[in-house]
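Trainee: Have a look at the structure that comes next, please.
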Amino acid sequence: MGGVLARGGNGGRAMTDQTPLLEVTDLVKHYAVRGGILRRRVGTVHAVDGVSFSVGKGETLGLVGESGCGKSTVARTVMRLVEPSSGAIKLDGTDITGLSKAEMRPHRRSMQIVFQDPFASLNPRMTAGDIVGEPLSVHGLATGRAKQERVAELFAQVGLRADQMKNYPHQFSGGQRQRICIARALSLGPRLIVCDEPVSALDVSIQAQVINLLIDLQRKHGFSYLFIAHDLAVVAHISHRVAVMYLGRIVEIADKTELFANPRHPYTQALLASVPIADPKAKKLEPMIDGDVPSPINPPPGCAFHTRCRYAMDRCKVERPVLMPAGAKHEVACWLNDGTGRAG
Amino acid sequence: MTSINYDSELKRAGAHSTHGWRRLAFLAQRYVLGTFGLFIMLLFVWVAISADLICRYDPLSVDSAHRLASPDWRHWMGTDSFGRDVWSRIVHGARISLAVGIGSTFLGSSIGVMVGLASGYLSGWVDLVFQRITDILQALPLLVLALVMTAALGPSLPNVIIAIAIPLIPTVARVIRANTLALRELPFVEAAKSIGMSETRIALRHVLPNTLAPLIVLATAQLGSTILTEASLSFLGLGIPEPYPSWGRMLSESAAEYVRTAPWLVIFPGVAISLAVFGTNLFGDALRDILDPRQRG
Numbered sequence: 001m002g003g004v005l006a007r008g009g010n011g012g013r014a015m016t017d018q019t020p021l022l023e024v025t026d027l028v029k030h031y032a033v034r035g036g037i038l039r040r041r042v043g044t045v046h047a048v049d050g051v052s053f054s055v056g057k058g059e060t061l062g063l064v065g066e067s068g069c070g071k072s073t074v075a076r077t078v079m080r081l082v083e084p085s086s087g088a089i090k091l092d093g094t095d096i097t098g099l100s101k102a103e104m105r106p107h108r109r110s111m112q113i114v115f116q117d118p119f120a121s122l123n124p125r126m127t128a129g130d131i132v133g134e135p136l137s138v139h140g141l142a143t144g145r146a147k148q149e150r151v152a153e154l155f156a157q158v159g160l161r162a163d164q165m166k167n168y169p170h171q172f173s174g175g176q177r178q179r180i181c182i183a184r185a186l187s188l189g190p191r192l193i194v195c196d197e198p199v200s201a202l203d204v205s206i207q208a209q210v211i212n213l214l215i216d217l218q219r220k221h222g223f224s225y226l227f228i229a230h231d232l233a234v235v236a237h238i239s240h241r242v243a244v245m246y247l248g249r250i251v252e253i254a255d256k257t258e259l260f261a262n263p264r265h266p267y268t269q270a271l272l273a274s275v276p277i278a279d280p281k282a283k284k285l286e287p288m289i290d291g292d293v294p295s296p297i298n299p300p301p302g303c304a305f306h307t308r309c310r311y312a313m314d315r316c317k318v319e320r321p322v323l324m325p326a327g328a329k330h331e332v333a334c335w336l337n338d339g340t341g342r343a344g
Numbered sequence: 345m346t347s348i349n350y351d352s353e354l355k356r357a358g359a360h361s362t363h364g365w366r367r368l369a370f371l372a373q374r375y376v377l378g379t380f381g382l383f384i385m386l387l388f389v390w391v392a393i394s395a396d397l398i399c400r401y402d403p404l405s406v407d408s409a410h411r412l413a414s415p416d417w418r419h420w421m422g423t424d425s426f427g428r429d430v431w432s433r434i435v436h437g438a439r440i441s442l443a444v445g446i447g448s449t450f451l452g453s454s455i456g457v458m459v460g461l462a463s464g465y466l467s468g469w470v471d472l473v474f475q476r477i478t479d480i481l482q483a484l485p486l487l488v489l490a491l492v493m494t495a496a497l498g499p500s501l502p503n504v505i506i507a508i509a510i511p512l513i514p515t516v517a518r519v520i521r522a523n524t525l526a527l528r529e530l531p532f533v534e535a536a537k538s539i540g541m542s543e544t545r546i547a548l549r550h551v552l553p554n555t556l557a558p559l560i561v562l563a564t565a566q567l568g569s570t571i572l573t574e575a576s577l578s579f580l581g582l583g584i585p586e587p588y589p590s591w592g593r594m595l596s597e598s599a600a601e602y603v604r605t606a607p608w609l610v611i612f613p614g615v616a617i618s619l620a621v622f623g624t625n626l627f628g629d630a631l632r633d634i635l636d637p638r639q640r641g
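These protein sequences, in sequence, are chains B and P. FYI, the numbering used here numbers position 119 of the first sequence as 119, with every residue one higher than the one before it. When you read off a place in the second sequence, starting at 1, and then add 344, the result is the number in the numbering used here.
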């Protein structure tokens, strides 16, 4: 597996340290499907099936795919909220895969998560200030006045007023709640923030504000994002590199500009073609894929995408393609890839 | 065109005051029925506390000259078949009813919360064991279970409280468990995990407060039914031992014999029970609304 790419990033970000901040190798998460009276294992959901990638320091890796392709499972596994079936997660060179809850605690400060649903990710019975200040007390970083000041500072950073600290979550709008979630994630001074579809639940106008806030915060603090979304436009705006997932596997990973200019995997091409164009006169592109994602309980043999791929060959039905280099900082898992750069 | 400034109107009414009498006054005016319920409950508490001051007769003293006297200026609620003053017995009965009601509801709910929280949050074998015990307890009717308990423990006030509390545990545990199971999957609990909070702290700080609203409704509803259970137990001779006054026994021992000839023996204890249950229910409903910040303005 050639998942560990050399440092990507665009815009000439100078990197002195070559160790990636987050390095995920061969991550697998299977869920048992149990049935019958004896609750025997009758099947396996291949939620994540051998995923490898890395996120550099100060970099944003966008992870895209249809719903049900395992994006969120990757996020939860990286955060150690879900135990991986196998594989390794390295945070700044330290393997955190097998750490116990207690051993994990200090590493929690280095990585935080922002969830999709801003309504369910805040405890309705706590004030916004208490929610943002809670991580500080859990890690014993600040108490009393110092904590209040720090929380006020965090509120200012995410564009909320300090007098909103005593309000309850239901008194905020969706965008404001997501700002509270971001403030909570920031409170511990993390180096990696996993964003699990942070703007999918928001209005389009608010999405842009939140995305820009995330970009500003990254410029200021230099942390990395693992940014998960199903909306390519959003990912295009924030990411330095983009990985495309299909049915539990990464099918293509490349620098953002490269991926958008030269998509190599038929699935990526189809995804790009499906992005709506804000021009009523624009010619409608013919849909490149139809049907639904196959069930992850019985993923198709060979290349998981062959059931929907217009270029499917006999080989695709039996042999699973692995990620292979396809140009500079570009890897694709497709038998059409001959290493020269043209596909399809 | 004039516009109403809702915020200043609310402020004037005291909606934003979080402390002291102003807040209390605002809540009282907003939840009239709840305030009425609280008033009834406080009245009963006051009656129970100052029982010796507000009645002229000893609730236990027998006066054969005035058996089954109808209500008049001497005996406000008449006398029973032993010539005991019904008013005094109801006033002193408030002590028993409140002690049993509050005591067993509190005991049953606290144990139920612990069991439910542990069961829902830890899941696995803890859940399995607790749920099977709960199944067994729930398979028996509340009254039968309480009956068996008092028969085993012997009739006395603490034993009645324990006997009534134990059947409450499964009901409370089930509600808390169901809530906990739902809450456990919510992102704010996951967020708490990802900041490195301990499981116990998550359970107490994030899960428990969010199960409070249904718990309070349940507990206040149970408060009424425990008073009724105590009445039933006493009727069956397993409640509060004679000669101490209990509303339930006063009601049941006279119901069959004297309902036609001396209806005051049935009416007054009945009214006392109904009023107590009514008051707790009204108050419980208001409390639920107040405690749930989502329903606040």
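C-beta: ideal position from N, C-alpha, C; glycine also. Note that the structure is predicted; figures quoted are calculated from it, not measured.
1) Please confirm if B/Pro135 has its CB atom under 8 Å from at least one CB of chain P.
2) Does B/Lys329 come within less than 8 Å of chain P when only Cβ atoms are used?
3) Closer than 7 Å between beta carbons: that is the criterion. Which residues of the region 528-542 of chain P meet it against chain B?
4) Could you please tell me which residues of the region 112-133 of chain B, in chain order, have their CB closer than 7 Å to any CB of chain P?
5) Measure the C-alpha to C-alpha separation of P/Leu527 and B/Val48 and round it to an integer number of angstroms.
6) Taking C-alpha atoms, which residue in B/Val138, B/Leu192, B/Val210, B/Arg320 lies nearest to P/Ala536?
7) Name the chain B residues whose beta carbon is nearer than 9 Å to that of P/Asn554?
8) Quick check: P/Ile477 and P/Phe612, are their CB atoms within less than 8 Å of each other?
9) Note down the Cα distance separating P/Ser408 from P/Gly447, rounded to an integer number of angstroms.
10) Do you know whose CA, among B/Val275, B/Asp196, B/Asp117, B/Ile131, lies nearest B/Thr77's CA?
11) Given a cut-off of 8 Å, decide if P/Ile617 and P/Val440 are closer than it, judged by their beta-carbon atoms.
12) Find the residues of chain B that neighbour P/His550, judging by a C-beta separation of less than 7 Å, and give them in chain order.
13) Give the range of the alpha helix (DSSP H) segment to which B/Val48 is assigned.
14) Taking 8 Å as the CB-CB limit, is B/Leu81 close to chain P?
15) By how many angstroms is the C-alpha of P/Ala630 removed from the C-alpha of P/Thr624?
16) Just the chain P side, please: which residues come within less than 7 Å of B/His139 by C-beta, in chain order?
17) With 16 other CB atoms within 10 Å as the buried threshold, where does P/Val533 fall?
18) Residues bridged to B/Ile182 by DSSP?
19) In chain P, which residues lie less than 8 Å from B/Leu188 when you measure between Cβ atoms?
20) Is it a yes or a no for the region 156-176 of chain B touching the region 197-209 of chain B, going by three-plus beta-carbon pairs under 8 Å?
21) For B/Ser86, which residues does DSSP report across the bridge?
22) DSSP three-state label for B/Asn167, please.
23) Taking 8 Å as the threshold (beta carbon to beta carbon), is B/Met105 in contact with chain P?
24) DSSP three-state call for B/Gly155: helix, strand or coil?
25) Measuring CA to CA, which of P/Gly464, P/Ala565, P/Ile634, P/Pro485 is closest to P/Ser576?
26) Any idea which residues DSSP pairs B/Pro325 with across the strands?
27) Would you please verify whether the beta carbon of B/Arg184 is less than 8 Å from any beta carbon of chain P?
28) Classify B/Asn337 as buried or exposed, calling it buried when 16 or more other Cβ atoms lie within 10 Å of its own Cβ.
29) Could you tell me which uninterrupted alpha helix (DSSP H) segments, each at least 4 residues in length, are contained entirely in the region 490-536 of chain P, listed from first to last along the chain?
30) Any idea which residues DSSP pairs B/Met111 with across the strands?
31) Let me check understanding here. Comparing Cα to Cα, which of B/Ile113, B/Gly129, B/Pro135 lies closest to B/Phe155?
32) Please determine, among B/Leu141, B/Pro124, B/Ile131, B/Phe115, the residue with the shortest C-alpha to C-alpha distance to B/Arg109.
33) I need the DSSP call for P/Gly581, collapsed to helix, strand or coil.
34) CB-CB under 7 Å to B/His237, same chain, minus the five flanking residues each way: which ones, in chain order?
35) Mapping DSSP to helix, strand and coil, what is B/Val293?
36) So is B/Glu368 buried or exposed if we call it buried at 16+ other beta carbons inside 10 Å?
Mentor: With the given structure in hand:
1) In the first sequence, counting from the first residue as 1, residue 135 of chain B sits at position 135. Closer than 8 Å: yes.
2) As a position in the first sequence, residue 329 of chain B is number 329, starting the count at 1. No, B/Lys329 does not count as interfacial toward chain P.
3) Leu530, Pro531, Phe532, Glu534, Ala535, Lys537, Ser538, Ile539, Gly540, Met541
4) Gln112, Ile113, Phe115, Asp117, Ala120, Ser121, Leu122, Asn123, Pro124, Arg125
5) Against the second sequence, residue 527 of chain P aligns to sequence position 183. Against the first sequence, residue 48 of chain B aligns to sequence position 48. One C-alpha to the other measures close to 25 Å.
6) Here residue 536 of chain P is taken as the residue at index 192 of the second sequence, counted from 1. Nearest C-alpha to P/Ala536: B/Val138.
7) What you label residue 554 of chain P is simply residue 210 of the second sequence in a count that begins at 1. Within chain B, the residues near P/Asn554 are Asn123, Pro124, Arg125.
8) Indexing the second sequence from 1 puts residue 477 of chain P at position 133. Indexing the second sequence from 1 puts residue 612 of chain P at position 268. Cβ distance not < 8 Å, so P/Ile477 and P/Phe612 don't count as in contact.
9) Looking up residue 408 of chain P in the second sequence gives position 64. Looking up residue 447 of chain P in the second sequence gives position 103. Going from the Cα of P/Ser408 to the Cα of P/Gly447 covers about 35 Å.
10) Counting from 1 along the first sequence, the entry for residue 77 of chain B is found at position 77. That would be B/Asp196, whose Cα lies nearest to the Cα of B/Thr77.
11) As a first step, residue 440 of chain P is located in the second sequence; it is residue number 96 there, counting from the start. As a first step, residue 617 of chain P is located in the second sequence; it is residue number 273 there, counting from the start. A quick correction: the sequence has Ile, not Val, at residue 440 of chain P. In this structure, P/Ile617 does not lie closer than 8 Å to P/Ile440 by Cβ.
12) The residue given as residue 550 of chain P occupies position 206 in the second sequence. Those within 7 Å of P/His550 in chain B are Asn123.
13) Indexing the first sequence from 1 puts residue 48 of chain B at position 48. Element bounds for B/Val48: not the alpha helix (DSSP H) but the beta strand (DSSP E), 40-55.
14) Locating residue 81 of chain B in the first sequence gives position 81, counting from the first residue. By this cut-off, B/Leu81 is an interface position.
15) On the second sequence, position 280 is the one that residue 624 of chain P refers to. On the second sequence, position 286 is the one that residue 630 of chain P refers to. If I take the Cα positions, the gap works out to 10 Å.
16) Within the first sequence, numbered from 1, the residue matching residue 139 of chain B stands at position 139. The contacting residues are Gly540.
17) As a working note, residue 533 of chain P is residue 189 in the second sequence. Its Cβ being crowded by 16 or more others within 10 Å, P/Val533 is buried.
18) As a first step, residue 182 of chain B must be located in the first sequence, where it is residue number 182. BP columns for B/Ile182 are empty, so no partner.
19) As a working mapping, residue 188 of chain B is identified with position 188 in the first sequence. Those within 8 Å of B/Leu188 in chain P are Ile539.
20) yes
21) On the first sequence, position 86 is the one that residue 86 of chain B refers to. B/Val28.
22) In the first sequence, the residue the question calls residue 167 of chain B occupies position 167. In this structure, B/Asn167 counts as coil in the three-state DSSP scheme.
23) In the first sequence, residue 105 of chain B corresponds to position 105, counting from 1. Looking at the sequence itself, residue 105 of chain B is Arg, so the reference to Met does not match. It does: the Cβ of B/Arg105 has a partner Cβ on chain P nearer than 8 Å.
24) Taking the first sequence and counting its residues from 1, the one referred to as residue 155 of chain B is at position 155. It should be noted that the sequence gives Phe, not Gly, for residue 155 of chain B. DSSP places B/Phe155 in helix when its eight states are reduced to three.
25) Translated into positions along the second sequence, residue 576 of chain P becomes position 232. The shortest Cα separation from P/Ser576 among P/Gly464, P/Ala565, P/Ile634, P/Pro485 belongs to P/Pro485.
26) To locate residue 325 of chain B, count along the first sequence from 1; it is residue 325. In the DSSP output, where bridge partners are listed per residue, B/Pro325 has B/Glu331.
27) By 1-based counting over the first sequence, the position of residue 184 of chain B is 184. Yes, its Cβ sits closer than 8 Å to a Cβ of chain P.
28) In the first sequence, residue 337 of chain B corresponds to position 337, counting from 1. Burial call: buried.
29) 501-528
30) Residue numbering aside, residue 111 of chain B sits at position 111 when the first sequence is read from its first letter. B/Met111 pairs with B/Leu192.
31) In the first sequence, the residue the question calls residue 155 of chain B occupies position 155. Comparing Cα-Cα distances from B/Phe155 to each of B/Ile113, B/Gly129, B/Pro135, the minimum goes to B/Gly129.
32) Counting from 1 along the first sequence, the entry for residue 109 of chain B is found at position 109. Closest by alpha carbon: B/Leu141.
33) Along the second sequence, read from residue 1 onward, the residue named residue 581 of chain P stands at position 237. Coil at P/Gly581, not helix or strand.
34) Counting from 1 along the first sequence, the entry for residue 237 of chain B is found at position 237. Closer than 7 Å at the Cβ level, and outside the excluded window around B/His237, lie Ile211.
35) Within the first sequence, residue 293 of chain B is the residue found at index 293, counting from 1. Three-state result, B/Val293: coil.
36) With chain B covering only 1 through 344, there is no way to say anything about residue 368 of chain B.
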